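Quick note on the working numbering: the sequence shown kicks off at 3 and runs consecutively. For every residue, glycine included, the Cβ atom is placed at its ideal position computed from N, Cα and C. These figures come from a predicted structure and were not determined experimentally. These notes concern the structure reproduced below.
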Amino acid sequence: MNIFPAIDLYDGKAVRLFKGDYNQMTVYSNEPLEVARKFEKAGARHLHLVDLEGAKAGKPTNLETIKKIVDNTDLFTEIGGGIRSIEIAKAYIDIGVDRIILGTAAVENEDFLKEALSLFGDKVAVGVDLKDGFVAIKGWTEKSAITADDFMSKMESLGVKTVICTDISRDGAMQGSNNSLYKALGEKFSIDLVASGGVSSIEDIKTLSEMNLYGAIIGKAYYIGAIDLKEAIEVAR
């Protein structure tokens with residue numbers, strides 16, 4: 003299983019939200035590149051980036067910061083947040099991002115998703131944010147009527163290779179990952195599944211790794227010292 007340490011970007015800084023609430027934001031670093039370098043030093047090979055402003059505004063706002071990270075590390079970099087047009091997707095691919103993550107756009111605009119898949123193939127992942135078992139959209143501010151199973155089934159039929167699944171109720175709350183959810187989805191679908199939200203201990207990493215998931219995202223747990231990244235990477239491997 004691959005470990006994706008996360009950097010959530012807001013105003014060029016590395017921050018974390020509590021349960022997706024923009025009013026409950028903690029700034030962890032003014033230099034996201036330094037954070038990414040620390041990840042690399044600990045043995046990370048992958049990086050999960052989220053443009054929080056982009057998720058709300060529907061356009062990229064941290065392009066320069068992301069380019070700096072891509073240019074100055076060897077990490078496999080994926081980015082999500084506000085990618086709602088082919089132009090924006092292309093802008094990220096052009097600066098060297100390895101994978102773009104479509105969220106709201108994948109739910110609301112199937113034609114856009116299909117076009118992105120035809121142009122960029124495996125460089126496209128879909129991020130599904132779940133709120134009470136339903137897909138949430140627009141930076142977690144709205145709940146749709148689509149269930150997790152229906153959504154995954156649709157993505158599989160369209161040829162999406164990677165899905166990043168976040169349980170919003172667990173995100174940043176340090177309550178452990180929703181293992182039953184990931185187990186059920188992992189068994190039901192043949193998509194590369196990345197667990198996100200609430201991964202808060204080495205025990206979580208062990209459990210998720212035993213499910214043969216493709217990846218797990220570590221956010222707040224790293225920043226507050228609850229998970230040692232080096233240890234997590236070793237356990238996952």
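{"query": "According to DSSP, is GLU36 part of a helix, a strand, or is it coil?", "result": "helix"}
{"query": "Indicate whether ALA91 and VAL126 have their beta-carbon atoms separated by less than 9 Å.", "result": "yes"}
{"query": "To which residues of the same chain is THR240 closer than 7 Å at the C-beta, ignoring the five residues directly before and after it?", "result": "Within the shown structure, residues of the chain are numbered from 3 to 239, placing residue 240 beyond reach of any answer."}
{"query": "Considering just the uninterrupted stretch of the beta strand (DSSP E) at LEU19, what are its terminal residues?", "result": "15 to 20"}
{"query": "Tell me where the alpha helix (DSSP H) around ILE88 begins and ends.", "result": "88 to 96"}
{"query": "Identify which residue in ASP23, GLY199 and PHE191 has its Cα closest to the Cα of TYR224.", "result": "GLY199"}
{"query": "If we ignore side chains and look at the alpha-carbon of each, how far apart do PRO7 and LEU65 end up?", "result": "19 Å"}
{"query": "Please report the residue range of the alpha helix (DSSP H) in which PHE153 lies.", "result": "150 to 160"}
{"query": "Sorted by chain position, which residues of the same chain lie with C-beta nearer than 6 Å to LEU132's C-beta, five sequence neighbours on each side aside?", "result": "ALA150 and ASP169"}
{"query": "Since GLU158 contacts ILE204 with CB under 8 Å, what's their CB separation in whole angstroms?", "result": "Wrong, their Cβ atoms sit about 31 Å apart, outside the cutoff."}
{"query": "Between the alpha carbons of GLY123 and SER87, how many angstroms are there, rounded?", "result": "15 Å"}
{"query": "CB-CB under 6 Å to ALA107, same chain, minus the five flanking residues each way: which ones, in chain order?", "result": "ARG86 and PHE114"}
{"query": "Exposed or buried, what is VAL165 when buried is set at 16 or more other beta-carbons lying within 10 Å of its beta-carbon?", "result": "buried"}
{"query": "Would you list the residues sitting across from THR168 in a DSSP beta bridge?", "result": "ASP131 and SER198"}
{"query": "Start and end of the beta strand (DSSP E) containing ASN25?", "result": "23 to 31"}
{"query": "Rank LYS43, ALA228 and MET154 by C-alpha distance to the C-alpha of LEU183 and give the top, closest one.", "result": "MET154"}
{"query": "In whole angstroms, what is the alpha-carbon distance linking ALA118 and LYS58?", "result": "21 Å"}
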